[in-house]
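So in the working numbering, the last spot in the sequence shown is 548, and the numbers never skip.
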Amino acid sequence: MNPTESNRLYFLDWIRIFAFCVLIFYHTGMYYVSWGWHVKSPYASDALEPLMMLSSPWRLGLLFMISGVATAFMLQKVRVGALLRQRSWRLLVPLVFGMLVIVPPQSYFEVIEKLNYAGSYADFMRLYVTGYHGFCKDGGCLDLPTWNHLWFVVYLWAYTMVIGGVAALAGAERLRSWSATLGRRLTGWKIVALPVLALFVARYALAEAFPETHALVNDWYNHAHYFFLFVMGVMLALQNGFWARVDELRWTSLGLWLFSWAVVVCLHSMPESVGNLPVIAQMKPLLRMIFCLGQWAPILAICGFGHRHLAFDSAKRRYLTEAVFPVYILHQTLIVCMAHWLKPVKMAPGTEGAVLVVLTFAISFGVFEVVRRVAVLRPLFGLGRATSQTSAYAPQAPAAAAYPVR
């Protein structure tokens, strides 16, 4: 088989599409659960939280790992400098546009609902662009301007810059050696155990000292988690044996995923009096290990089943691969705005949630259909020049030419 063909990982495109679809359902769910979010339903409760926990530990980690794979294949196609320029253009332009145009309505409706703000949207935007920090409640203030859900874009750009620097300094041969060594080491039980151990060390050392902020600066636990998975994607992208082994472990990984989820749900459901018992405190390291298993086993399971059943190309893949980033940029603002506007209608929560999901998909893809046809809009939503779409994970050179640092 041609080495180029053998390294096509179309299944990762399908998984990326699936993961971004999950985000729409997840962020719709955030409106209805008891956890903090920009706007909240009057029906908010803990009823949906076990279902939300089925994806919350691994959802973004999967996307960072897939982004790492895509970065490795981009390093096959272009020099490091070109990669950094392309990623900066494709990520930072949508980020700035998003922070100035797409994200502000989320904060506007947040201050209306939480602080009874009575100003117009124009009044709010004057405060937003000048960095007003007076929207405060319970000791916390809203940071303006903000990137909200676009934090993923910022982190992906930062991680790409770091990997690009490493690629330039280390050189092609050394990177290939590191990649091959990791591919050889991750066999059998070590495919599960070693990454879980790395995630556990990060969680044990950093999670309490550096709680999640998505602010880029001082978000060290998140960096240890997401950058690790991004690097895993970069290093394992071209190791075909790794993907085959993940395929073989797909059912085992699924079982481990469901086990870890069941444990997390049980802990979440415990009364506070039980959760504070000394025996639970003594079990904390073990419980953290199980949580980290729930961060890695789902990624293995999804990649394993994807490798087995989704290793094919189609026109739908090409269309959806181009659509996912614009849809991602738009989806959370649409959910927040529509949730606020639908609140006076007082729909039953199940009906309202279904309406939010359907409208979010419909409007997002409707906007995408406009954006993809208008050249000046394409870069604002992370799209390149209109060309035929190939897989981000389909190399244009043999695997032996990986990481061409020149």
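Note that CB positions come from ideal geometry on N, CA and C, so glycine has one too. Bear in mind that the values here come from a model prediction, so they are computed numbers and not experimental data.
**Message:** Strictly by DSSP, which residues pair up with Gly282?
**Reply:** The count along the sequence shown starts at 1 and reaches residue 282 at position 140. Lys279, per the DSSP bridge assignment.
**Message:** I'd like to know whether the C-beta of Gly240 is nearer than 7 Å to at least one C-beta of chain C.
**Reply:** Considering every chain present, this structure includes no chain C. It has just one protein chain.
**Item:** Stretch-stretch touch, CB-based, cutoff 8 Å, three pairs: the segment 452-459 with the segment 406-415
**Value:** no
**Prompt:** If you pair each beta-carbon of the segment 497-514 with each one of the segment 475-487, do three or more pairs fall below 8 Å?
**Reply:** yes
**Message:** Just to check my reading of the structure: Tyr368 and Tyr297 have Cβ atoms closer than 8 Å, yes? What is that Cβ distance to the nearest angstrom?
**Reply:** The sequence position of residue 368 within the sequence shown is 226, counting from 1. The sequence position of residue 297 within the sequence shown is 155, counting from 1. Indeed, because the Cβ distance is near 6 Å, the residues count as touching under 8 Å.
**Item:** Uninterrupted alpha helix (DSSP H) stretches inside the segment 334-404 (no shorter than 4 residues)
**Value:** 362-378, 382-390
**Message:** Would Val222 and Ala309 be called neighbours here (beta carbons separated by less than 7 Å)?
**Reply:** Position 80 of the sequence shown, counted from the start, is the residue given in the question as residue 222. Position 167 of the sequence shown, counted from the start, is the residue given in the question as residue 309. Yes, Cβ-Cβ distance for Val222 and Ala309 is below 7 Å.
**Sequence-distant residues of its chain with Cβ nearer than 7 Å to Met172 (five each side left out)** = Walking along the sequence shown from the start, residue 172 turns up at place 30. Cβ within range, chain order: Trp179.
**Request:** List the residues that DSSP assigns as beta-bridge partners of Ser187.
**Result:** Taking the first residue of the sequence shown as 1, we reach residue 187 at position 45. In the DSSP output, where bridge partners are listed per residue, Ser187 has Val175.
**Request:** Could you tell me which of Glu252, Phe384, His291 sits nearest to Thr323, measuring between CA atoms?
**Result:** Counting from 1 along the sequence shown, the entry for residue 323 is found at position 181. Nearest C-alpha to Thr323: Phe384.
**Proximal residues to Asn290 (C-beta, below 8 Å), its chain only, five neighbours per side dropped** = The count along the sequence shown starts at 1 and reaches residue 290 at position 148. For Asn290, where only same-chain residues beyond five positions count, the Cβ hits under 8 Å are His180, Val245, Gln248, Ser249, Gln474.
**Element boundaries [alpha helix (DSSP H), containing Ala504]** = As a working note, residue 504 is residue 362 in the sequence shown. Start and end: 491-513.
**Asked** Is Ala161 closer than 7 Å to Val376 when the C-beta atoms are compared?
**Response** Within the sequence shown, the letter at position 234 stands for residue 376. Within the sequence shown, the letter at position 19 stands for residue 161. In this structure, Ala161 does not lie closer than 7 Å to Val376 by Cβ.
**Item:** 8 Å Cβ shell around Ala340 - same chain, five flanking residues per side excluded
**Value:** Stepping through the sequence shown from its first residue, residue 340 is reached at position 198. Closer than 8 Å at the Cβ level, and outside the excluded window around Ala340, lie Phe370.
**Item:** Secondary structure of Val469, DSSP reduced to three states
**Value:** Residue 469 sits at position 327 when you count from the first residue of the sequence shown. Helix.
**Prompt:** Could you check where the alpha helix (DSSP H) with Pro199 kicks off and where it finishes?
**Reply:** Numbered from its first residue, the sequence shown carries residue 199 at position 57. Here Pro199 belongs to no alpha helix (DSSP H), and DSSP marks it neither H nor E.
**Request:** Could you tell me the distance, in whole angstroms, from the CA atom of Asp155 to the CA atom of Thr463?
**Result:** If you number the sequence shown from 1, residue 155 lands on position 13. If you number the sequence shown from 1, residue 463 lands on position 321. Answer to the nearest angstrom: the Cα atoms are 7 Å apart.
**Message:** Helix, strand or coil, according to DSSP, for Ser209 in the structure here?
**Reply:** Counting from one through the sequence shown, the residue named residue 209 turns up at place 67. If DSSP states are grouped into helix, strand and coil, Ser209 belongs with the helices.
**Request:** Could you give the DSSP three-state label for Ala312: helix, strand or coil?
**Result:** For the purposes of this step, residue 312 is taken as the residue at position 170 of the sequence shown. Three-state result, Ala312: helix.
**Asked** At which residues does the alpha helix (DSSP H) containing Phe94 begin and terminate?
**Response** Past the boundaries of the shown model lies residue 94; the chain is included only from 143 to 548, so the question cannot be answered.
**Asked** If we ignore side chains and look at the alpha-carbon of each, how far apart do Leu257 and Leu284 end up?
**Response** Within the sequence shown, the letter at position 115 stands for residue 257. Within the sequence shown, the letter at position 142 stands for residue 284. Their backbone Cα atoms lie some 11 Å apart in a straight line.
**Request:** Count the other C-beta atoms from every protein chain shown that fall within 10 angstroms of the C-beta of Cys445, then say buried if there are 16 or more, exposed otherwise.
**Result:** Position 303 of the sequence shown holds residue 445. With 16 or more Cβ atoms within 10 Å of its Cβ, Cys445 is classed as buried.
**Request:** State the start and end residues of the unbroken alpha helix (DSSP H) segment that holds Leu419.
**Result:** One-based indexing of the sequence shown puts residue 419 at position 277. First-last for Leu419: undefined, no H or E at that position.
**Item:** Close Cβ partners of Ile505 (< 8 Å) along its chain, the five nearest in sequence each way excluded
**Value:** Along the sequence shown, one-based indexing puts residue 505 at 363. These residues qualify, in order along the chain: Leu472, Leu476.
**Item:** Exposed unless 16 or more other CB atoms sit within 10 angstroms - verdict on Leu428
**Value:** Position 286 of the sequence shown, counted from the first residue, corresponds to residue 428. Exposed.
**Request:** Taking 7 Å as the cut-off, decide whether the C-beta atoms of Leu225 and Gly306 are in contact.
**Result:** If you number the sequence shown from 1, residue 225 lands on position 83. If you number the sequence shown from 1, residue 306 lands on position 164. Going by C-beta atoms, Leu225 is nearer than 7 Å to Gly306.
**Item:** Close Cβ partners of Ala443 (< 7 Å) along its chain, the five nearest in sequence each way excluded
**Value:** The residue given as residue 443 occupies position 301 in the sequence shown. For Ala443, where only same-chain residues beyond five positions count, the Cβ hits under 7 Å are Arg392, Ser395, Leu396, Trp399.
**Asked** Roughly how many whole angstroms lie between the Cα atoms of Gly300 and Val238?
**Response** Mapped onto the sequence shown, residue 300 falls at position 158. Mapped onto the sequence shown, residue 238 falls at position 96. Note that residue 300 is Ala in the sequence shown, not Gly. Looking at the two C-alpha atoms, the distance is approximately 15 Å.
**Message:** Assuming Ala224 is part of the alpha helix (DSSP H), what are its boundary residues?
**Reply:** Position 82 of the sequence shown, counting from 1, holds the residue named residue 224. Here the alpha helix (DSSP H) through Ala224 covers 222-239.
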